[in-house]
Amino acid sequence: MEIIFLLIVVSLVLLGLIAWGFLWAVSAGQFEDLEAQGRAILMDEDEPPP
Amino acid sequence: MLARDGAVAVNQRPPLRADAANGTLARCYHCDDEAIDSALTQAAQGAPRYFCCPGCLAATETIEALGLAPYYRQREGTASRPLGLAERDAALALFDDPILTRDCVQSHDNGERTVRLLLEGLRCAACAWLIEQRLGRVEGVVSVRVYFAHAQAFVRWDPARLALPAVLDAVWALGYRAWPFDPLQQQEQLRRERVDCMRRFGIAALCAMQVMMVASAFYFDAGPLAADEQRRWLEGLNLLTTLPVVLWCAVPFYRGAWRALRHRLAGMDLPVSVGILLGFAGSLWHFLSGVGPTYFDSVTMFVSLLLGARYVDLRGQERSAVQLGRLHQVQPVLVRRLADDSNGTQEQQVLMQRLQPGDRVRVLPGEWLAVDGVVLAGCSSVDEHVLTGESRPVSKTPGARVLQGSVNLDSPLILQVTAVGREAFAARMAAAVAEAARRRPPVAALAARVAVWFTGGVLLLALATALFYAFATHLPWLPATVAVLVISCPCALSLATPAALAAATDGLLARGVALLRGPALETLADVTHVVFDKTGTLTLGQPALVRTVCAASSQPLNVLTLAAALAAHSEHPLARALMAAAPEGSRPVAEAPLATPGAGLVATVDGARCLLGSRRYAQTMFPALQLPSAALPLQEVCLIRNGEWLAFFYLADVLRPEARAVVDTLRASGLTLAIFSGDRAPVVAALGAELGITDARAGLLPAEKAAAIAALQATGARVAVVGEGVNDAPMLAGAAVSFALANATEQARLAADFSCMTPGLAPIAASFQLARRARRVLWQNLAWALGYNLLALPLAVCGWVQPWGAALCMSLSSLAVTINAQRLRRTDAPDRR
């Protein structure tokens with residue numbers, strides 16, 4: 549029975565963390581352009597400037 | 002005043018030279034054009050690389066020097082050829098004047114500035130990456146964000162170290178174009194709304210998942226988990242996670258419902274709010290009293306589904322606004338200002354924004370008037386069709402008023418400026434637009450009307466259920482009552498409309514029409530009358546060759562070729578129309594042209610002295626010549642060779658090629674058509690007869706057009722208006738639904754509900770078809786939602802519905818209406834009536 553209190557607290561903390569992360573991501577404009585970010589990964593700059 | 006877009010020659014590639022000697026053609030490494038100049042070959046890592054021009058070579062060198070070479074491997078299309086340094090300088094130097102970009106540039110406290118740029122020439126995400134990297138490495142640039150989806154960039158830079166032209170040049174040197182850009186306010190507001198909606202949607206979805214995780218355990222509730230104590234704790238957790246959803250995420254619905262109540266309007270938000278609040282209140286009561294099931298899962302899922310639909314809807318609207326915003330890029334417009342000093346009158350080219358009322362400006366033939374003014378000197382005729390609908394040039398003599406937006410045709414004019422920029426003619430039109438918009442009939446959306454009846458019915462049913470259980474049975478009354486409210490939760494009903502409208506908005510965009518006011522699509526399906534403007538809407542708005550009358554000795558094709566050779570030396574619209582009408586192919590060369598602006602020109606062709614111009618001009622030059630009388634009451638150009646007339650050309654503003662088909666389609670679908678024009682009566686009547694439109698009214702002023710629309714609507718007609726000119730703006734604003742064509746002026750665009758981006762009238766017919774399909778889907782969705790309720794409500798009244806059943810039914814019916822709506826996105830759907 550006691551385990552349920554722990555579970556409730558852990559759920560609420562996790563939910564709070566995820567919600568905070570999501571709100572931060574929206575404010576930081578992470579969802580504004582979903583295509584360019586995926587592409588940027590492929591664009592590794594393996595040719596350093598001479 | 003230079004032509005509006007005359008500042009820069011865009012992408013003019015030199016004609017390709019045939020180089021068949023070795024069979025293969027070298028392609029430019031940067032732009033994939035033909036590379037001819039061997040001096041531009043670069044030996045790189047073994048294989049030589051070729052370039053078509055120094056600009057491309059410089060672009061590649063810049064890209065590689067910065068370590069951005071991966072661009073060439075990742076790109077999905079070839080680049081555009083960059084302009085040369087001198088051309089770029091000429092085009093961009095004007096952007097140094099802050100007055101030009103004051104609406105696009107935002108200043109920060111530390112002196113840095115942010116500019117919003119519109120990018121042209123983006124082909125794939127690799128292009129966006131390249132521009133972001135390039136700008137990021139410019140000395141003085143603080144931060145860069147490039148948004149590929151909108152083709153926009155935000156650049157923050159330090160003006161102390163870097164001038165705006167240099168920021169732009171970094172992009173231009175790669176072969177792209179960047180223009181400072183003043184987004185429509187609408188777009189900014191839609192963006193804020195969408196971001197707000199995304200926050201609420203995300204949180205609601207997170208909470209719904211958490212609630213569902215716990216609730217699903219109860220769905221298969223058996224044995225030990227059902228222990229009352231545990232159950233109460235877990236339901237308490239669900240209550241906690243539901244609170245932010247009900248108290249924060251759903252607030253936009255409450256606000257909408259409150260507004261609807263205050264203004265006594267039917268709206269979807271009211272039943273939605275009632276559903277959310279009663280579902281929550283009932284569950285709360287059950288939780289506190291410890292009797293009956295809780296429906297926190299249904300409530301949270303309901304809110305997150307609705308917010309998701311709202312998000313999709315807002316995104317569609319924003320995408321439309323962004324497409325339209327592309328028309329608002331800032332390009333410099335230069336005017337010739339006259340100023341007196343000790344050496345006499347000097348002419349100076351200045352930015353339009355630098356003009357003050359009272360200044361004097363010179364306008365050359367073929368130029369666009371950037372100001373309102375009074376003619377001080379010069380006699381000319383101007384084309385005012387976008388302002389008044391008049392299709393023939395209007396002659397202007399000293400003392401006459403001229404308006405911003407008209408085009409000077411014949412000879413130079415010197416004007417005294419009376420109003421500039423936003424104070425010009427357009428401002429007075431804005432008042433008429435606002436007046437007309439007040440008289441716009443209110444929109445009563447179909448779904449909203451259904452929803453009000455539905456809500457009333459459900460509330461009555463819930464009351465009846467409660468009374469029945471309380472007095473006629475010994476069972477608790479609350480569980481069945483809450484079940485009725487939750488299961489009838491108008492989820493499918495309220496998703497039915499936004500899902501269909503969002504899909505239809507996307508479908509419209511694919512057909513080249515941007516929808517700017519949401520309810521317009523629903524109204525469009527109910528339209529009974531379509532009113533067209535004439536000049537520029539049904540017609541092309543520019544002259545075209547209608548008929549050629551030849552002298553007995555000449556051939557129609559020969560005279561046209563000869564006329565085109567002469568016309569090549571003139572900028573006059575009639576000359577351009579003749580050139581467009583002439584057959585392609587080799588033309589004789591007209592030498593030693595001598596032009597009299599606005600009248601005609603004389604030149605030597607194959608040794609013969611030829612004249613092309615007005616009848617009066619011909620008679621001035623050859624007083625002895627006998628000319629036949631005019632064959633048609635149209636604009637006339639005459640061609641003379643060696644003192645003998647060869648031909649008369651008659652030109653007029655002709656119908657758009659697709660106009661007849663579009664008019665016939667609309668008429669066949671049962672719409673009544675009319676023409677409201679500012680042009681002269683004979684022209685309008687002739688056009689009406691040609692299209693079979695009997696209600697063709699002529700000579701209407703802008704306010705009269707709006708009044709005529711209002712009068713038509715007062716008789717119960719639901720009117721759609723199609724227009725493009727400044728003079729159409731009030732009537733566009735006053736109509737139930739309105740379209741601005743692709744060639745529309747800004748005033749017309751801002752007043753209209755739909756803005757076409759594909760030229761011509763074809764998008765109008767497509768929009769009507771789509772609106773009707775959308776309404777069919779809407780009816781199907783509403784029928785489904787109501788049918789589901791008719792089936793489920795009796796079960797709920799009987800108290801047979803468990804929470805899991807309510808949640809499942811709600812999700813499935815919502816999914817069904819959403820998927821049905823997606824059919825509207827297809828552009829290849831069959832056209833059924």
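Which chain is which? The protein sequence lines are H and R, in order.
If you want our numbering, it's the 1-based position in the first sequence plus 548.
If you want our numbering, it's the 1-based position in the second sequence plus 1.
Note that beta-carbon positions come from the ideal geometry of N, C-alpha and C, so glycine has one too.
Rounded to the nearest angstrom, how far is the Cβ of R/A435 from that of R/A707, given a contact under 8 Å?
Not a contact, Cβ separation roughly 11 Å.
Taking CB distances under 8 Å as the criterion, tell me whether H/A567 reaches chain R.
H/A567 counts as touching chain R.
Taking 8 Å as the CB-CB cut-off, is H/L571 touching chain R?
Interface residue, yes.
Report buried or exposed for R/A463, applying the criterion of at least 16 other Cβ atoms within 10 angstroms of its Cβ.
Buried.
Give, in chain order, every residue of the segment 192–204 of chain R whose Cβ lies closer than 7 Å to some Cβ of chain H.
Those would be V196, M199, R200, G203, I204, in chain order.
Considering only residues of the same chain and omitting the five flanking positions on each side of R/T242, which have a CB-CB separation below 6 Å?
Here the set comprises C208, Q211, V212.
Can you tell me the Cα-Cα spacing of R/G644 and R/S392, whole angstroms?
Taking the straight line from one Cα to the other gives about 32 Å.
Determine the DSSP secondary structure at R/L306, reduced to helix, strand or coil.
Residue state, collapsed to three classes: helix.
Strictly under 8 Å for the Cβ-Cβ distance: is R/A171 near chain H by that measure?
Not closer than 8 Å to any Cβ of chain H, the Cβ of R/A171 fails to qualify, so no.
Can you give the Cα-Cα distance for R/Q748 and R/V408, rounded to whole angstroms?
Looking at the two C-alpha atoms, the distance is approximately 17 Å.
From which residue to which residue does the alpha helix (DSSP H) around R/S274 run?
From DSSP, the alpha helix (DSSP H) with R/S274 extends over 270–290.
By the three-class DSSP mapping on this structure, what secondary structure does R/R103 have?
Coil, per DSSP.
Within 8 Å (strictly less), CB to CB, does H/E550 reach chain R?
Chain R, which has no Cβ nearer than 8 Å to the Cβ of H/E550, makes this no.
Applying a beta-carbon distance threshold of less than 8 Å, which residues of chain R neighbour H/V574?
Going along chain R in sequence order, the residues near H/V574 (Cβ under 8 Å) are V196, M199, R200, G203.
Given R/R642, which residues of its chain have a CB within under 6 Å of its CB, disregarding the five upstream and five downstream residues?
Contacts found: A609, C611.
What does DSSP give as the partner residue(s) for R/D342 in the beta ladder?
Looking at the DSSP assignment, R/D342 forms a beta bridge with R/G345.
Who does R/P574 pair with in a DSSP beta bridge?
Answer by DSSP bridge pairing: none, since R/P574 is not bridged.
So is H/L623 in contact with chain R if we call contact Cβ pairs under 8 Å?
This structure gives no information on residue 623 of chain H, because the portion of chain H shown stretches from 549 to 598.
Can you say whether R/F254 is buried or exposed, counting buried as having 16 or more other CB atoms within 10 angstroms of its CB?
Burial call: buried.
Using CA atoms only, rank isn't needed, just tell me which of R/V722, R/C551, R/A583, R/E637 is closest to R/L647.
Among R/V722, R/C551, R/A583, R/E637, the Cα nearest to that of R/L647 belongs to R/C551.
Using a Cβ-Cβ cut-off of 7 Å (strictly less than) and excluding sequence neighbours within five positions of R/R657, which residues of its own chain qualify?
These residues qualify, in order along the chain: L539, T540, L541, G761, L762.
If we count the other Cβ atoms within 10 Å of its Cβ and call it buried at 16 or more, is R/A27 buried or exposed?
It is buried - the Cβ of R/A27 has at least 16 other Cβ atoms within 10 Å.
Classify R/R450 as buried or exposed, calling it buried when 16 or more other Cβ atoms lie within 10 Å of its own Cβ.
So R/R450 counts as exposed.
Quick one: using the 10 Å Cβ neighbour count with 16 as the cut-off for buried, is R/P629 buried or exposed?
With fewer than 16 Cβ atoms within 10 Å of its Cβ, R/P629 is classed as exposed.
Taking the straight line between their C-alpha atoms, what separation do you get for R/L810 and R/W286?
Per the sequence presented here, residue 810 of chain R reads as Cys, with Leu not at that position. If you take the alpha carbons of R/C810 and R/W286, they lie about 23 Å apart.
Roughly how many angstroms separate the alpha carbons of R/V362 and R/L335, rounded to a whole number?
When rounded, the distance between both Cα atoms is 11 Å.
What does the Cβ neighbour count give for R/H151, buried or exposed, with the cut at 16 atoms within 10 Å?
When all chains shown are included, R/H151 counts as buried.
What is the C-beta distance between R/E767 and R/R512, in whole angstroms, given that I count them as a contact (C-beta under 8 Å)?
The sequence given here has Ala at residue 767 of chain R, not Glu. Rounded, the Cβ-Cβ distance is 5 Å, consistent with contact.
On the DSSP letters alone, give me the boundaries of the alpha helix (DSSP H) that R/A553 sits inside.
From DSSP, R/A553 is part of no alpha helix (DSSP H); its letter is neither H nor E.
Under a three-way DSSP split, which group does R/A22 fall into?
The predicted model places R/A22 with a pLDDT of 42, which falls under 50 and marks its position as unreliable; any figure quoted below should be read in that light. Note: R/A22 maps to coil in three-state DSSP.
Taking contact to mean 3 or more Cβ pairs, one atom from each stretch, closer than 8 Å, check whether the segment 745–759 of chain R and the segment 770–780 of chain R are in contact.
Short answer: they don't touch.
Would you say the segment 74–87 of chain R touches the segment 123–138 of chain R, given that touching needs at least three Cβ pairs under 8 Å?
Yes, the segment 74–87 of chain R is in contact with the segment 123–138 of chain R.
List, in chain order, every chain H residue whose beta-carbon is nearer than 9 Å to that of R/T242.
Chain H residues near R/T242: S559, L560, L563.
Under 8 Å by Cβ, that's how I've got R/A583 and R/A596 pegged, so tell me the actual separation to the nearest angstrom.
Between R/A596 and R/A583 the Cβ distance is about 19 Å, and since that is not below 8 Å, they are no contact.
Can you tell me which of the three DSSP states R/G693 falls into?
If DSSP states are grouped into helix, strand and coil, R/G693 belongs with coil.
Name the chain H residues whose beta carbon is nearer than 9 Å to that of R/L846?
Residue 846 of chain R falls outside the range modelled here, since chain R spans only 2 to 834, and no answer is possible.
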